[in-house]
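K.L.:
If you scroll down you'll find the structure; I have some questions about it.
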Amino acid sequence: MVATQSGSRLDRRAVVKTLLQDRGELLVVAGLGAPAWDATNAGDHPLNFPLWGGMGGAASIGIGLAIAQPKRPVLVLTGDGEMLMGLGSLATVGIGQYANLSIVVLDNERYGETGMQESHTARGVDLAAVARACGLRSGVVITEMEQVAALRTDMHAMRGPLLAQVKVAQDKLSLVLPPRDGTHLKNRFREALLGPQAHFQK
Amino acid sequence: MTAHWSEGVYQLFKQQSIRQVSLVPDAGHTRLIQRCEADAELRLIRLTTEEEGIAAAVGAWLGGDKSVLLMQSSGVGNCINMLSMLTVCQIPLTMLITMRGDWGEFNPWQVPMGRAAHTVLEEMGVLVSVAQQESDVVPLAEGALRIAYNTLRPAAVLIGQRVLGAKTFME
Numbered sequence: 041m042v043a044t045q046s047g048s049r050l051d052r053r054a055v056v057k058t059l060l061q062d063r064g065e066l067l068v069v070a071g072l073g074a075p076a077w078d079a080t081n082a083g084d085h086p087l088n089f090p091l092w093g094g095m096g097g098a099a100s101i102g103i104g105l106a107i108a109q110p111k112r113p114v115l116v117l118t119g120d121g122e123m124l125m126g127l128g129s130l131a132t133v134g135i136g137q138y139a140n141l142s143i144v145v146l147d148n149e150r151y152g153e154t155g156m157q158e159s160h161t162a163r164g165v166d167l168a169a170v171a172r173a174c175g176l177r178s179g180v181v182i183t184e185m186e187q188v189a190a191l192r193t194d195m196h197a198m199r200g201p202l203l204a205q206v207k208v209a210q211d212k213l214s215l216v217l218p219p220r221d222g223t224h225l226k227n228r229f230r231e232a233l234l235g236p237q238a239h240f241q242k
Numbered sequence: 744m745t746a747h748w749s750e751g752v753y754q755l756f757k758q759q760s761i762r763q764v765s766l767v768p769d770a771g772h773t774r775l776i777q778r779c780e781a782d783a784e785l786r787l788i789r790l791t792t793e794e795e796g797i798a799a800a801v802g803a804w805l806g807g808d809k810s811v812l813l814m815q816s817s818g819v820g821n822c823i824n825m826l827s828m829l830t831v832c833q834i835p836l837t838m839l840i841t842m843r844g845d846w847g848e849f850n851p852w853q854v855p856m857g858r859a860a861h862t863v864l865e866e867m868g869v870l871v872s873v874a875q876q877e878s879d880v881v882p883l884a885e886g887a888l889r890i891a892y893n894t895l896r897p898a899a900v901l902i903g904q905r906v907l908g909a910k911t912f913m914e
């Protein structure tokens with residue numbers, strides 16, 4: 041396989057803004073690095089759980105959250121490198137058939153935080169096909185903004201589990217950092233979701 | 744004849760309102776897994792690797808669910824980096840870990856991780872207790888569940904091969 045530079049490349053910040061528009065009941069887990077900055081760029085929100093570590097775990101966090109909150113749509117927004125590190129978790133998502141779980145991989149084919157080295161998707165690894173093979177309800181590659189709007193609709197309609205591999209440009213963008221205290225991120229998420237009783241759970 | 748430890752542990756799960764049980768299967772957990780499978784109120788998550796279970800526990804707690812993770816000691820090594828999330832975010836999780844590589848082990852390849860499991864967990868901030876006889880398992884599991892959810896941290900019970908019976912592949 042050779043490195044590919046396919047034509048259409050979306051602006052990751054525009055993709056994420058569109059996905060998070062009028063977010064309603066949406067719960068968001070954002071993978072470490074650029075996806076967490078993208079989610080924060082669209083507007084810091086207590087129902088975002090941006091990760092600063094745990095590489096490879098974003099989709100699995102989505103599983104636990106999707107089970108706990110079956111009536112709310114759950115979005116795992118992550119990068120190609122992060123998803124590749126937790127590829128097995130797609131098999132776990134597939135057998136669980138969590139209808140409310142959507143995984144959106146912002147695929148720039150690079151490890152952005154470490155110096156833009158190529159990831160396996162640059163050499164043709166097809167994450168959408170992996171998702172389909174693992175039994176997710178859909179696995180699609182997205183190259184147009186019109187498809188992003190449709191993805192947003194599917195996510196809110198909870199037609200999952202789905203994975204969308206969104207081909208994005210390799211621009212180095214400004215860092216828009218979320219809070220980094222894990223206990224703060226956890227507590228504000230739980231309080232926004234569960235109310236004040238979150239702190240009284242036994 | 745007293746009931747198998749797995750029955751007592753299952754009852755603790757119910758008393759503690761555990762809702763999610765994630766697991767990589769192990770022979771030593773067979774009866775507990777079967778008991779959990781038969782309970783429609785418990786959601787089982789079958790993992791491909793144990794670290795997925797650490798991450799799933801984060802999601803569960805964010806969503807208001809208490810969870811436990813069942814695995815074999817060799818799986819501890821797979822979890823190391825992911826355990827950071829529990830410590831940094833102060834997220835509770837109880838892990839019940841069946842040992843390989845200790846008493847009576849016949850497979851040399853199981854010994855290094857079995858020996859390291861206790862230390863690795865403690866280094867990552869997990870409270871560890873060790874059951875060396877069957878009568879220890881339920882009280883230690885109760886203690887781990889209580890300290891995990893009352894003090895918001897991960898706790899593990901290592902269940903020794905003297906409790907489980909060492910695997911020989913010759914029986």
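Top to bottom, those sequences are chains A and B.
So that you can map any letter, position 164 of the first sequence is 204 in my numbering, and since no number is skipped, the others follow by simple counting.
So that you can map any letter, position 45 of the second sequence is 788 in my numbering, and since no number is skipped, the others follow by simple counting.
Virtual Cβ for every residue (Gly too), placed ideally from N, Cα, C.
1. Applying the 10 Å Cβ sphere with the 16-neighbour rule, what's the burial state of R230 of chain A?
2. Residues of chain B with CB under 9 Å from R53 of chain A, in chain order?
3. Could you name the residues of the same chain whose beta carbon sits closer than 6 Å to that of A232 of chain A, not counting the 5 residues immediately before and after it, in chain order?
4. Please identify, using Cβ separations under 7 Å, the residues of the region 825-847 of chain B that lie next to chain A, in order along the chain.
5. By Cβ distance below 6 Å, which residues in the same chain neighbour S48 of chain A in space, the five residues on each side in sequence not counted?
6. Taking the Cβ atom as the reference point for each residue, do M825 of chain B and A798 of chain B lie within a distance shorter than 7 Å?
7. Sort A:A238, A:T118 and A:S100 by Cα distance to C707 of chain B and report the nearest one.
8. On the premise that L790 of chain B lies in contact with V767 of chain B, defined as a C-beta separation below 8 Å, what is that separation, rounded to the nearest angstrom?
9. Return helix, strand or coil for M198 of chain A, following the three-state DSSP convention.
10. For V56 of chain A, count the other beta carbons within 10 Å of its own beta carbon; 16 or more makes it buried, fewer makes it exposed. Which is it?
11. Hey, could you find the ends of the beta strand (DSSP E) S749 of chain B is sitting in?
12. Could you give the distance in angstroms between the alpha-carbon of I143 of chain A and the alpha-carbon of T745 of chain B?
13. Taking only beta-carbon positions, decide if E784 of chain B is within less than 7 Å of chain A.
14. What alpha helix (DSSP H) runs, 4 residues minimum, are completely inside the region 792-837 of chain B?
15. I want to verify the contact list: residues of chain B whose CB lies under 9 Å from the CB of A162 of chain A, in sequence order.
16. Skipping 5 residues on each side, what residues in its chain have a beta carbon closer than 6 Å to that of I834 of chain B?
17. DSSP on P15 of chain A, reduced to helix/strand/coil?
18. From T80 of chain A to H196 of chain A, what distance separates their C-alpha atoms?
19. Over the uninterrupted beta strand (DSSP E) stretch that includes D147 of chain A, give me the two end residues.
20. Short check: CB of A860 of chain B to CB of S816 of chain B, under 7 Å?
21. Indicate whether at least one CB of chain B lies closer than 7 Å to the CB of L105 of chain A.
22. Taking a cut of 8 Å between CB atoms, which residues from the region 794-806 of chain B lie near chain A?
23. Along the region 127-141 of chain A, what residues have a CB closer than 8 Å to any CB found in chain B?
24. Tell me whether E122 of chain A is buried or exposed, calling it buried when 16 or more other Cβ atoms sit within 10 Å of its Cβ.
25. Where does L225 of chain A land, buried or exposed, given buried means 16+ other C-beta within 10 angstroms?
26. The alpha helix (DSSP H) spanning Q904 of chain B covers which residue range?
27. Restricting to Cα atoms, I'd like to know which of A:Q61, A:F89 and A:G126 is closest to E793 of chain B.
28. Helix, strand or coil: how does DSSP classify Y151 of chain A here?
29. Going by alpha carbons, who is nearest to D221 of chain A out of B:S760, B:L785, B:M828 and B:Q875?
30. Could you tell me which residues DSSP puts in a beta bridge with V764 of chain B?
31. Have a look at S915 of chain B and N227 of chain A and give me their C-alpha separation to the nearest angstrom.
32. I believe G818 of chain B touches G104 of chain A by the beta-carbon criterion, under 8 Å. Please report the beta-carbon distance rounded to the nearest angstrom.
33. Are there 16 or more other CB atoms within 10 angstroms of the CB of A781 of chain B, so buried, or fewer, so exposed?
34. Go through its chain and collect everything with a Cβ distance to V869 of chain B's Cβ below 6 Å, but skip five positions before and after it.
35. Put A43 of chain A into one of helix, strand or coil per three-state DSSP.
36. In the region 80-132 of chain A, which residue ranges form an unbroken beta strand (DSSP E) of at least 3 residues, counting only runs that do not cross its ends?
P.N.:
In short, the structure shows the following:
1. By the neighbour-count criterion, in which 16 or more other beta carbons inside 10 Å mark a residue as buried, R230 of chain A falls on the buried side.
2. Going along chain B, no residue has its Cβ under 9 Å from R53 of chain A, so there is no contact; the nearest lies around 25 Å.
3. These residues qualify, in order along the chain: P86 and L87.
4. Going along the region 825-847 of chain B in chain order, one finds M825, S827, M828, V831, C832, Q833 and I834 with a Cβ nearer than 7 Å to chain A.
5. Here the set comprises T183.
6. For the 7 Å CB-CB criterion, M825 of chain B and A798 of chain B form a contact.
7. Residue 707 of chain B lies beyond the stretch modelled for chain B, which goes from 744 to 914, so this question has no answer here.
8. In this structure V767 of chain B is in contact with L790 of chain B, their Cβ atoms being roughly 5 Å apart against a cut-off of 8 Å.
9. In this structure, M198 of chain A counts as coil in the three-state DSSP scheme.
10. Looking at its Cβ environment, which holds 16 or more other Cβ atoms inside 10 Å, V56 of chain A is buried.
11. That residue, S749 of chain B, is in no beta strand (DSSP E); its alpha helix (DSSP H) goes W748 to Q758.
12. I143 of chain A and T745 of chain B: Cα-Cα distance of roughly 47 Å.
13. No, E784 of chain B lies away from the interface with chain A (no Cβ there is under 7 Å from its Cβ).
14. Counting only runs of 4 or more, we get 793-805 and 819-832.
15. At a C-beta separation below 9 Å, A162 of chain A has no neighbours in chain B, since its nearest C-beta there lies roughly 24 Å away.
16. Within the same chain, and ignoring the five residues on either side of I834 of chain B in sequence, the residues whose Cβ sits closer than 6 Å to its Cβ are V801 and W804.
17. The structure shown does not extend to residue 15 of chain A, since chain A is modelled only from 41 through 242, so no value can be given for it.
18. Cα-Cα distance, rounded: 20 Å.
19. Note, D147 of chain A: beta strand (DSSP E), L141 to D147.
20. Inclusion of A860 of chain B and S816 of chain B in the CB contact set at 7 Å is warranted, their separation being smaller than that value.
21. Chain B places a beta carbon closer than 7 Å to that of L105 of chain A, counting this residue as a contact.
22. Close to chain A, meaning a Cβ-Cβ distance shorter than 8 Å, are the following residues of the region 794-806 of chain B: E794, E795, G796, I797, A798, A799, A800, V801, G802, A803, W804, L805 and G806.
23. Residues G128, S129, A131, T132, I135 and G136.
24. By the neighbour-count rule (16 or more Cβ atoms within 10 Å), E122 of chain A is buried.
25. Buried: at least 16 other Cβ atoms inside 10 Å.
26. For Q904 of chain B, the enclosing alpha helix (DSSP H) has its first and last residue at Q904 to L907.
27. Answer by Cα proximity: A:G126.
28. Judged by DSSP in its simplified three-state form, Y151 of chain A adopts strand.
29. Nearest of B:S760, B:L785, B:M828 and B:Q875 to D221 of chain A, Cα basis: B:M828.
30. When DSSP reads this structure, V764 of chain B sits in a beta bridge with B:L787 and B:V811.
31. Outside the displayed range of chain B (744 to 914) lies residue 915 of chain B, so it cannot be described from this structure.
32. Not quite, the Cβ-Cβ distance comes to about 17 Å (not below 8 Å), so this is no contact.
33. Flag for A781 of chain B reads exposed.
34. Cβ neighbours of V869 of chain B within its own chain (closer than 6 Å, five residues either side excluded): P897 and A899.
35. Low per-residue confidence applies at A43 of chain A: pLDDT is 44, beneath 50, and the placement is therefore not dependable, though the value from the model is reported in the following sentence. Coil.
36. For secondary structure counted as the beta strand (DSSP E) over 3 or more consecutive residues, the region 80-132 of chain A holds these complete runs in sequence order: 88-90 and 114-119.
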